[in-house]
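Residue numbers (the working numbering), protein chains in the order written: chain D, 288 to 528; chain V, -11 to 249; chain L, 809 to 1186; chain P, 114 to 417.
Written out as structure tokens, the structure is:
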């Protein structure tokens, strides 16, 4: 279906919900290969549900999700992850009771070649030296910022072709928010394709190439990040008209 | 501004060293529709829980009409005139709509357990009154046709109405609604707006709501208070709030540090 | 209805049939007036002990058919009614009440002592003679209103036999293991009492939990007490495990088992550990010289060898029949009197009764495990 | 035998008993870990393992003899077969109930237990079945202590299985995934872990371990019957709770502790062996009162 060769992810009129509650009301969006897109909107606008629908945790009730041109709407979550579409959920979800290293190892669950796993582990440790230092400790005993690094590092162990990041700065002190966003920036610059959900709309639009603003399960606005940044009407998506 | 009905001063709440509410001052006037908004994790539901007695704040005071509520148990708070609904609909299973709503009236029941067991005439009279009142509440929210159905079999929007009717059956002076529009479609939202307006206008009950749908909040509220990280950062009319830089920053993020990127 | 017409003309059969047909209403309304005598059989035909119960019922029926073939009792043919006690006291009460109200002249049976005890009062109230063929707990004796007769040796007789055997074989100290149920505990307590009264010691007296697989605690206790012999008073399934584990742990002394363990299955479970084990047993057919033709007839009729209590059940039926003949009528009191005075030579030996209606002479035999089966030791 | 001798003898006995408890408790705890189900049918899986081991041994005995070689082969084959049975039970009985209320799935487990028990009851007429293994009576006599070769082989095999399991769980991706699933299923799916497959592997391993215990118990004690899983099922549950339900090292520790407690408890003067079960269940209640999370279990605190 994809007309442009560089489109890695495409949503066509996707609807989804929880029981009788409708969360997504027909979402169309696109992420280009190598680019960073961001998904903005107030609480309850449907950002997290959009990411979950893409990664298969929530089943779309209608529409289509295409990843690298293939329909993954009905593909099981673990199979989607296997294909390289990696979702870092909100709240970090570090596996308590498993060491930092084991958390990272599990990130590479789908990677069968031990040499590749070792190489990726070294890369992650290079990116986050603190994880190397604390690799044998329980992952859940890391600080909030370190846990976020672990969550991202674990996703990188897959060798992701598309990274979905859900509120990576949530619950972090202001200084750590900036640090986390710097990491996201570095990943993007290194060529990773990213779809970012972020509470801090200003920072997200500064980093991203393209932005979508959700409201009540609809896409209310979309455009170049720079254009959206300059548009004051984005405030209305958050604070009403 | 009208007389203050609910007045919070200096309310602080913390769990295991984490501050959830930090010295919050907050007023809801008599006969007002007010809203409490703020980003995720700002402490809105915690504030509701403090008002209704589910949480005990470490310091401060919470008064309704000058009566201190801080030391009261939740059912006493209800008797003092405050009713609430919950973020997720919480109806009693395997009870009809009417029974659910009647359960709301029992906090006003005067007959004791003994007369209830003995089925004394006073108790029977009271039961009939409760029933009549519950039906009246259901009629008010517009679902009296469904009063004999199992409450949990109703459409979601109607379940929300049952919850509101149950809250009304306690004959409150102040109604707290926690995200009443969550999961409703746009038509149902409009109906909800009308209902909230009628509750205030016809029943003379003040309403305070927490709501994420800021569009709806702006339409209905006369006063809006904004909570961010446990701190009350703004208070005012909808237009003032929309233009308040502190509120915009709370919702869209700060500009500090942007240059580092 | 039995159709045996031996010694009866075609005419008579027809007359009887006509009689039965014309009095059908009377039969339905009043107590039935068959021209035959009914005998009750009280045994478990369902539940865990069903095999033994069915076996006893078969043996009684075999005796009945032999009696009928020889002309019946007092000129009348016998038939049987089975009451299933399920080896359960409550079920036994129901079964006994049903038998007592179904016009039987006497009852043969009683396998589980626990289930038999509560039936004594029911049969006693009805004045029915009751020949108890297998159940042999001493608890039956005080509960007997006077019309029940035990033709299996009681626990007391087994104890006497065991003490006699142990003493004769130079044993001084004896460990006793039971399972805490009425039967095995009774036997263990009585043995302990008699053994100590005879001037010997019981250095270990243990109780095993039923269904337990691991007996290591008991084995250790026994090994540390190091008795000359171990006496297991409960059933074979768990006894087999204990014997095996005792030998596995290196215990060298003598091992003996009570009549609850005299099944050939013991050898399958304990394996070679059961070689040389001594068993006290009520007289089973294979060890009774007089039972040779009984075994053949039984096997021919039912396609399998008679079980351990079949000879006693068979004897019980024959005894009851002879008592009715002696009494000369089906009057219960007369039959009971005849039983009290009985001196009957059965497959399992001579039957005469003590004033308590128990067997006057012990019929226990001593068996020994050899080559994977029981053989007569004496 | 002196008190000293009894102590060592009971130590050995406790280890043997504890090995059985631990092997069965492992399955209990692993299955609880991944699907939060108290698999009350687990004791009956042990029982079925015993019967399958017996059947296989009866076929093999004419060729390899009824000794340890035959038992070892029977055990391995029974483990594989019962492993698949565990997966099959999970698929048809538990998988459809995964989102049902906790009570419903518990009742399902009881139903599975009854089906297995009554199935074997019908096939065997409730009779004790002699296992038919011939393991000999040899052993090492240290004077104060007699340890049979059978006890050594048995404890050794149980230890080897447990070490193997520990290595599998701590060193392999599947083992890590198993632990991860007990913590956060959705996160596991996002990491590409096929949760359903890992649950199946867990049931396979848990059931196979129970089958190993069942076969060894049958061979060691000499007889099997349809009800033999009941008591050990409850004991294994007790062991799992003592160690901390959900914890694999906890189940091993709990099993050994329970075995030793029972062995020594019965030797306290005045407490005969008939008090054994009372003793172990009192310990269960004590643990539940004093340390409800068990010895190695982690408390799952509610997060605000």
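Idealized CB from N, CA, C, for every residue including glycine.
All values reported here derive from a predicted model rather than from experimental measurement.
Opposing strand residues paired with residue i [DSSP bridges]
i: residue 972/L; result: DSSP lists no partner for residue 972/L.
i: residue 112/V; result: None; residue 112/V has no bridge partner.
i: residue 956/L; result: 938/L
i: residue 294/D; result: 319/D
i: residue 1014/L; result: 985/L
i: residue 770/L; result: No statement about residue 770/L is possible, as the shown extent of chain L runs from 809 to 1186 and does not include it.
i: residue 508/D; result: 500/D
i: residue 72/V; result: 164/V
i: residue 457/D; result: Paired residues: none, contrary to the question.
C-beta neighbour in chain V for residue i, strict 7 Å
i: residue 308/D; result: yes
i: residue 493/D; result: yes
i: residue 417/D; result: no
Contact with chain P by residue i, beta-carbon distance below 7 Å
i: residue 473/D; result: no
i: residue 396/D; result: yes
i: residue 364/D; result: yes
i: residue 389/D; result: yes
i: residue 303/D; result: no
i: residue 513/D; result: no
i: residue 369/D; result: yes
i: residue 1074/L; result: no
i: residue 1045/L; result: yes
i: residue 383/D; result: yes
i: residue 861/L; result: no
Backbone CA spacing between residue i and residue j [nearest angstrom]
i: residue 47/V; j: residue 28/V; result: 24 Å
i: residue 921/L; j: residue 1031/L; result: 33 Å
i: residue 1088/L; j: residue 1100/L; result: 21 Å
i: residue 425/D; j: residue 391/D; result: 12 Å
i: residue 146/V; j: residue 511/D; result: 42 Å
i: residue 133/P; j: residue 968/L; result: 41 Å
i: residue 986/L; j: residue 1048/L; result: 13 Å
i: residue 469/D; j: residue 487/D; result: 14 Å
i: residue 1024/L; j: residue 388/P; result: 14 Å
i: residue 401/D; j: residue 196/P; result: 29 Å
Test: residue i CB closer than 7 Å to a CB of chain L
i: residue 335/P; result: yes
i: residue 379/P; result: yes
i: residue 119/P; result: yes
CB contact below 7 Å: residue i versus chain D
i: residue 296/P; result: yes
i: residue 284/P; result: no
i: residue 300/P; result: yes
i: residue 206/V; result: yes
i: residue 232/V; result: no
i: residue 202/V; result: yes
Chain P contacts from the segment 336 to 360 of chain D (Cβ-Cβ distance under 8 Å): Those residues of the segment 336 to 360 of chain D that come within reach of chain P (Cβ to Cβ, closer than 8 Å) are 342, 343 and 344.
Where the segment 302 to 320 of chain P meets chain D: residues whose CB sits under 8 Å from a CB there: Answer in chain order: 302, 303, 304, 305, 306, 307 and 308.
Inter-stretch contact (C-beta, 8 Å, three-pair minimum) for the segment 996 to 1013 of chain L and the segment 362 to 371 of chain P: Segments in contact, no.
Three-pair Cβ contact test at 8 Å for the segment 258 to 266 of chain P versus the segment 340 to 352 of chain P: These segments do not touch.
Any 3 or more C-beta pairs closer than 8 Å across the segment 67 to 84 of chain V and the segment 157 to 165 of chain V: With a cut-off of 8 Å, the segment 157 to 165 of chain V and the segment 67 to 84 of chain V count as touching, because enough Cβ pairs lie within range.
Given 8 Å, three or more beta-carbon pairs between the segment 942 to 952 of chain L and the segment 982 to 997 of chain L: A contact between stretches requires three or more CB pairs, one per stretch, nearer than 8 Å, and the segment 942 to 952 of chain L meets this requirement with the segment 982 to 997 of chain L.
Members of the segment 1008 to 1033 of chain L near chain P, C-beta cut-off 9 Å: From the segment 1008 to 1033 of chain L, only 1013, 1014, 1015, 1016, 1017, 1019, 1020, 1021, 1022, 1023, 1024, 1025, 1026, 1027, 1028, 1029, 1031, 1032 and 1033 have a Cβ closer than 9 Å to chain P.
Touch test, the segment 843 to 857 of chain L against the segment 885 to 904 of chain L, Cβ-Cβ under 8 Å, three pairs minimum: Output reads yes: the segment 885 to 904 of chain L touches the segment 843 to 857 of chain L.
Residues in the segment 385 to 413 of chain P having any Cβ partner in chain L nearer than 8 Å: If the cut-off is 8 Å between Cβ atoms, the segment 385 to 413 of chain P has 385, 386, 387, 389 and 390 near chain L.
contact_flag[the segment 1152 to 1172 of chain L, the segment 902 to 916 of chain L] where n(CB pairs < 8 Å) is 3 or more: Taking a contact to require three or more Cβ pairs closer than 8 Å, the segment 1152 to 1172 of chain L and the segment 902 to 916 of chain L do not qualify as touching.
At least 3 beta-carbon pairs within less than 8 Å: the segment 170 to 180 of chain P vs the segment 396 to 406 of chain P: Too few Cβ pairs lie closer than 8 Å, so no.
Short-range partners of chain P found in the segment 845 to 859 of chain L, where Cβ spacing is below 7 Å: The residues in question are 856.
Under 8 Å (Cβ pairs) to chain V, residues found in the segment 311 to 329 of chain D: Within the segment 311 to 329 of chain D, contact with chain V at the beta-carbon level (separation under 8 Å) is assigned to 329.
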